[in-house]
Structures are given as structure tokens and as C-alpha cells.
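J.: This is the structure, below, for whatever I ask next.
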Amino acid sequence: MTCQEAIDVMGDAVEQRLAPEVQPGFDEHMDECRPCATYFQHLVLTRGVLRGLPGERPSHAQRDELLRRFRRRAGESSRE
Amino acid sequence: MQRRNHESEASLLARLRAGDETAFAGVVDGLHGRLVALARTFTSSPALAEDIVQETWLGVIRGLPGFEGRSSLRTWIFSILVRRARTLAAREARRAEVPIEPNGAAGGEWQPGAGRVGLWSERLTPWDFVDPAALLQSKEALHVIRDALEALPAAQRQVVILRDVEDVAPADICNILGLSGTNLRVLLHRGRARIRRALDDHLRDHPRQARPGAPRAAAAGAARTDGSSRTSGKAT
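Residue numbers (this note's numbering), protein chains in the order written: chain A, 35 to 114; chain B, 8 to 243.
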């Protein structure tokens, strides 16, 4: 596998979804090529950081309004 | 694990359908911020983005009794948001199958079938951290990542939010956004490449945030399982 081929499948590799027939060639290239292995490490960690990104919460007013609507709808459903 | 997830999803759905307010509050707390982030990719107006999210939640409340669970709850909610966004932000809405930006506009790092441009003219240094959660303890790093995500072109931001932040399955993302698998892969890689670049620039400027005590060789092996050494630095 060349660097270009490795980069082409790196998205799948980052997600651990490489096709089984491609995996050995990719692993071999990572063993031999320091820049690709480093780039791959960066992408794996980048994805890890994104997956751990904390989400923002709604404001109290928004949350209360949504819960009120949910309560009202649940009340309507139970009467239907 | 998958079975347990399936069961907990089924149990959550049952509670929501039974009108369990605590369950609904949990879903709102967990997803609201993500929905706002996704809504902002469809409009430049923060107020309209909030309206889109509000409409989405109302659609969820109305639709829960009829939701058959053929997709996951989160995927269903994201689908509602995208439909609402396209309706409410019609004037500003992006086309679903966006043309892939020319390489220069995408940050110049990669184009399909051609590998990394200038491979490897830049010397890459392994990052000295192995636990992403540790990096997120740094407010500065958190800002860098959020800013980099915010700065992505809308189509890249949509797929990175759904795939990497929210872990929605690729096939579901293609359905939600109306993308081909190839387009999804390209957009994802370009989005990740830009965020990688921002993070790399930040870590070069702030090496202490990258676990100062960690040996470089160990960090280089973080993405791998065998930890074997590499010798060649030349592109092939």
C-alpha cells in the first residue's frame, strides 16, 4: 500500500471499519511509514476528542417550556 | 453491549410514550446542544436555529406515539431536525448533495484518489496524549476544537457532528442528509483534517497540554495496538 492509498482508506481505519482484505496492507504501511502513522494517530485522537465534546444544555426557560408541552401532550394522549 | 443498548432504547421509548417527564428531560438535556449545533449549519441566524430546534422538539413530542423505532431515537430526532431546518431555513438552506469544495477550499490536505497533497512536505510530530478526555479538561483546547468545528463549511460540520460527535451510523447519516456514501466519506475526512490541523497548531504552541511527561514513542503508538516502531519518513 502506498501513502496515497493509505490516506484514501484512513477515514474507515479511524472508525475501525476497514475492509478485512485491506487491513493487513494498511497495518503494514503504518509499520513502515512514520508520517502516515503519525497522521493516523492524529486523526484517531481528533475523533476521540470530538466524541468526548460536551454538549450545551438548554436554558431553564426553554427546558421548562418543552417539559410543559410534553406534559400537556401526555395528558391529551391519556384521555384519547 | 449492543443488546443492552437495544433494551435501554426500548425501555426509554416506553417511558417516553408513557409520558415520563424525567425521561424526556434526560433526552432534551443530552441532545439539545447537538441539535442547536446542527441547526446552525443550515442557517446563519442564531434565532432561526433556536426556532428550528424548538420545532424539532415539538415534532418529537407530537411524533412519539407514532414512532415505530425503525431507526434509533437519536437518528429519528436528527431526521426531524433536518426536515424542519430545510423547511424553515429554505432561503438559506444548503443543498443536501453539496458539491465537494475544490481542494484549496477544503484546507488543501486531501483529495480522494490523490492522497495527501504535498505528501509529506510537513514534518508531523506525534501528539503526546493518549486520552482525549484529558485534553478536554483544558478550556483552551476545548475552545480550539469548538472553534474549529464551528469554522467548518456547513456540509463538513453536519457530517462531523453526526458521525464523530454523535456516533450516528454512516448509513443513517446518508439517509438523514441525502448524501452518497462517497460524498459522506470525503466530507468527513476533510472536516476531520481541518480539526486535526487546528488541534495540531494548538498543541505545537501549547506542548504542556499534551501530557508533558508522556514519552513520544508511546504517544505515537496510541492509535495502534502493536506499538511497533517505524523507521521510514519518506512518502511512498
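We treat Cβ as the ideally placed atom computed from N, Cα and C, and that holds for glycine.
Is it the case that the Cβ atoms of L65 (chain B) and R24 (chain B) are separated by a distance below 8 Å?
T.: No. Outside cutoff.
J.: Determine the closest residue to L149 (chain B) out of A:R97, A:V83 and A:F104, with distance taken between C-alpha atoms.
T.: Ranking the options by Cα distance to L149 (chain B), first place goes to A:V83.
J.: Check whether chain A comes within 8 Å of W83 (chain B), counting only Cβ atoms and requiring the distance to be less than that.
T.: No, W83 (chain B) does not count as interfacial toward chain A.
J.: Cα separation between Q165 (chain B) and L45 (chain B)?
T.: Q165 (chain B) and L45 (chain B): Cα-Cα distance of roughly 6 Å.
J.: May I have the straight-line CA-CA distance separating C67 (chain A) from A97 (chain B), to the nearest angstrom?
T.: Roughly 47 Å between the two C-alpha positions.
J.: Under a CB-based cut-off of 8 Å, is L184 (chain B) close to chain A?
T.: It does not: the Cβ of L184 (chain B) has no partner Cβ on chain A nearer than 8 Å.
J.: Mind checking R237 (chain B): buried by the 16 CB within 10 Å criterion, or exposed?
T.: With a pLDDT of 39 at R237 (chain B), under the threshold of 50, the modelled position of that residue is not reliable, and no figure is offered here.
J.: Cα separation between R41 (chain B) and T82 (chain B)?
T.: Their Cα atoms are separated by approximately 12 Å.
J.: In the DSSP assignment, the alpha helix (DSSP H) including I183 (chain B) goes from what residue to what residue?
T.: Its alpha helix (DSSP H) spans residues P177 to L184.
J.: Any beta carbon of chain B sitting closer than 8 Å to that of L101 (chain A)?
T.: Yes - at least one Cβ of chain B is within 8 Å of the one on L101 (chain A).
J.: Which residues, taken in chain order from the region 72-95 of chain A, show a beta carbon closer than 7 Å to some beta carbon of chain B?
T.: Listed by position, the residues of the region 72-95 of chain A near chain B (Cβ gap below 7 Å) are T72, Y73, F74, Q75, H76, L77, V78, L79, T80, R81, G82, V83, L84, R85, G86, L87, G89, E90, R91 and P92.
J.: What residue from B:I68, B:G33, B:L88 and B:G73 has the CA that sits closest to V60 (chain B)'s CA?
T.: It is B:L88 whose Cα lies nearest to the Cα of V60 (chain B).
J.: Pull up the CB-CB distance for A95 (chain B) and E62 (chain B), whole angstroms please, since I reckon it's below 8 Å.
T.: It should be pointed out that residue 95 (chain B) corresponds to Leu in this sequence rather than to Ala. Yes, L95 (chain B) and E62 (chain B) are in contact; Cβ-Cβ is about 7 Å, under 8 Å.
J.: For a contact meaning CB atoms closer than 7 Å, what does A108 (chain A) contact in chain B?
T.: Result: G26.
J.: Taking the alpha helix (DSSP H) that E129 (chain B) belongs to, which residues open and close that run?
T.: Counting along the chain, E129 (chain B) falls outside any alpha helix (DSSP H), and DSSP gives it neither H nor E.
J.: Looking at the secondary structure, which residues open and close the alpha helix (DSSP H) in which Q50 (chain A) lies?
T.: Premise fails: Q50 (chain A) is in no alpha helix (DSSP H) and is neither H nor E.
J.: If contacts are defined as beta-carbon pairs under 8 Å, then F85 (chain B) and I183 (chain B) qualify, I think. What distance do you get, rounded to the angstrom?
T.: Between I183 (chain B) and F85 (chain B) the Cβ distance is about 5 Å, and since that is below 8 Å, they are a contact.
J.: Would A21 (chain B) count as contacting chain A if we go by Cβ distances under 8 Å?
T.: No, A21 (chain B) lies away from the interface with chain A (no Cβ there is under 8 Å from its Cβ).
J.: CB-CB under 6 Å to G33 (chain B), same chain, minus the five flanking residues each way: which ones, in chain order?
T.: Nothing listed; no residue qualifies.
J.: Drop a sphere of 10 angstroms on the beta-carbon of D135 (chain B), count the other beta-carbons inside from all chains shown, and report buried for 16 or more, exposed for fewer.
T.: So D135 (chain B) ends up on the buried side.
J.: Considering only residues of the same chain and omitting the five flanking positions on each side of G198 (chain B), which have a CB-CB separation below 6 Å?
T.: Correct list, in chain order: L159, Q163 and V167.
J.: Using a C-beta to C-beta distance shorter than 7 Å, which residues of chain B count as neighbours of G45 (chain A)?
T.: Per Cβ cutoff of 7 Å: R192, L195 and H196.
J.: Would you kindly work out how many angstroms separate the C-alpha atoms of A95 (chain A) and E39 (chain A), rounded to a whole number?
T.: If you take the alpha carbons of A95 (chain A) and E39 (chain A), they lie about 51 Å apart.
J.: Select from B:D36, B:G188, B:A92 and B:T29 the residue whose C-alpha is nearest the C-alpha of D58 (chain B).
T.: Among B:D36, B:G188, B:A92 and B:T29, the Cα nearest to that of D58 (chain B) belongs to B:A92.
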